[in-house]
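A quick write-up on the structure given underneath.
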Amino acid sequence: MDAFKFGGLMAISVCAGLKIFSRWVNTMVLPKLGLKTRKIPGIQQYARGMLARKHFQEAMEHHKATQIQKYIQRYIASREYHARMHNIVVCQAAVTRFLARRQFKGFKATAKTICHTKKMYKGLENKIITMQQRIDELNQGRL
Numbered sequence: 001m002d003a004f005k006f007g008g009l010m011a012i013s014v015c016a017g018l019k020i021f022s023r024w025v026n027t028m029v030l031p032k033l034g035l036k037t038r039k040i041p042g043i044q045q046y047a048r049g050m051l052a053r054k055h056f057q058e059a060m061e062h063h064k065a066t067q068i069q070k071y072i073q074r075y076i077a078s079r080e081y082h083a084r085m086h087n088i089v090v091c092q093a094a095v096t097r098f099l100a101r102r103q104f105k106g107f108k109a110t111a112k113t114i115c116h117t118k119k120m121y122k123g124l125e126n127k128i129i130t131m132q133q134r135i136d137e138l139n140q141g142r143l
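For what it's worth, UniProt numbering labels the leading residue of the sequence shown as 1, then goes sequentially.
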């Protein structure tokens, strides 16, 4: 600590000492370890590759899961749509049937009154014919 008070001379010598130490390590220590230092980049490459493959595999699984979810949701939505459309058609058929029955009952009532009126007219027509015949007979008998 006291060395830094002398205008930075000690700081320069520390930097120089680090350079000397790193050269000594590179020239004396690392060659003795030789194989170990050469294997480290290979291990690092393998680890990076393994992590990249793992990341890619996770991304593919996520993508495949998303695709499966998409198709299942589409299937469910399609099934719900067809069920709703079927229910709408059934409801429309029920309403149409109800209105047709109501109209048929109206037609039936109208037909009944027409038949009744026809019978009444036929009865009146018969009475008129018989009365006409009597009138004719009476007219012939007076003459």
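From the three backbone atoms N, C-alpha and C, an ideal C-beta is built for every residue, glycine too.
### Task
Alpha carbon to alpha carbon, how far is Gly-42 from Asn-26? Give it in angstroms, no decimals.
19 Å
### Cβ shell of Gln-132 (< 7 Å), same chain only, five flanking positions each side left out
none
### Task
Excluding the 5 residues preceding and the 5 following Leu-51 in the sequence, name in chain order all residues of the same chain whose CB lies nearer than 6 Å to its CB.
none
### Task
Give the straight-line distance between the Cα atoms of Gly-106 and His-116, rounded to the nearest whole angstrom.
15 Å
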